[in-house]
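Inspection log for the structure reproduced underneath, given as structure tokens.
Numbering (this note's numbering), first residue to last: 42 to 379.
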């Protein structure tokens, strides 16, 4: 392909990217307008429909996050893989995102309301970032403290082998997060530790073996019963695990964000009726709405959220528009002079 042809293809690609960024900017601006038009209210006064509330995250049921082993209600882990080209240049590329959690309560001075965080857009502080894998060179460097870059602000980070096992299993149905125990299990490696300590490697292996047995059992049942949908789900799980098997020399970077207990959060979502209330003060549930999809959980204050969304939407609109205009001009110039 000639230089002119490569320039035209690059301009066409840039025009598509610019258009996508431009459209995304308007979506962000719509979200900004929704938040501006939805003032924050006390939790005790929440009506049915879209609401914005602010309070402390509370709840009895918690999980250990997979990267920093932090007790939390919800975690999101962005996993990136180091990709190199033929010339030895490399960069981090998105591998996949893993997220999971449990319901929790948001409480202010007037009351509390149950939150189902599934499907929410998370705007949270980074809880931890670390790297794993990389083969002999990273293993050699780790002996001198230079291989593993971990910055957990909460909790205690797992070993590199645990991280690689997590990368292989997350998202395949073979990995589920450990729940925070109320009392340490007797006779185990965690006996005598605090209730907020990380799960022992023995407990993690026991849990993994249990899921592996269940995975094999479902495969046998699906094959014997001949249920096509069950068989397909079983095969998808196996392929997902196979495609995420960590090979020697591969290097990964994990970035974790968590919703942790006793921290303030601002939540904008849809208030519905709680199908399983514990008492008369537990009749509401905040979820992602069907008609209004805005569902944001943020560590920022209301004003900070609005300012952040306004700036991001303007950046996308003007940045995408300028990129599209430049690329379109290049394509028209090449078409007229070609």
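Cβ coordinates follow ideal geometry from the N, Cα and C atoms, glycine included.
Item: Measure from the alpha carbon of residue 55 to the alpha carbon of each residue in 376, 375 and 363, then state which is nearest.; Value: 363
Item: To the nearest angstrom, report how far apart residue 46 and residue 53 are at their CA atoms.; Value: 11 Å
Item: Below 7 Å CB to CB, which residues in the same chain sit around residue 162 once its five sequence neighbours on both sides are set aside?; Value: 336 and 337
Item: Is DSSP giving residue 349 helix, strand or coil here?; Value: helix
Item: Quick one, which of 369, 358, 374 and 376 has its alpha-carbon nearest residue 63's?; Value: 358
Item: When you compare only the Cα positions, how much space is there between residue 322 and residue 84?; Value: 11 Å
Item: Verify whether the separation of the beta carbon atoms of residue 82 and residue 310 is less than 9 Å.; Value: no
Item: Given that a residue counts as buried once 16 or more other Cβ atoms are within 10 Å of its Cβ, and exposed if not, what is residue 114?; Value: buried
Item: Classify residue 97 as helix, strand or coil using the three-state DSSP reduction.; Value: strand
Item: Report buried or exposed for residue 378, applying the criterion of at least 16 other Cβ atoms within 10 angstroms of its Cβ.; Value: exposed
Item: So, residue 117 versus residue 298, is the Cβ gap smaller than 9 Å?; Value: yes
Item: Check for me: the beta strand (DSSP E) holding residue 125 runs from which residue to which?; Value: 115–125
Item: Look at residue 158 and residue 174 and say whether their C-beta atoms are less than 9 Å apart.; Value: no
Item: Determine the contact status of residue 166 and residue 108, defining contact as a CB-CB distance below 9 Å.; Value: no
Item: What did DSSP end up calling residue 169 once you bin it into helix, strand or coil?; Value: strand
Item: Which word fits residue 139, buried or exposed, when buried means at least 16 other C-beta atoms lie within 10 angstroms of its C-beta?; Value: buried
Item: Can you tell me which residues form a DSSP beta bridge with residue 104?; Value: 113 and 220
Item: Where does residue 110 land, buried or exposed, given buried means 16+ other C-beta within 10 angstroms?; Value: buried
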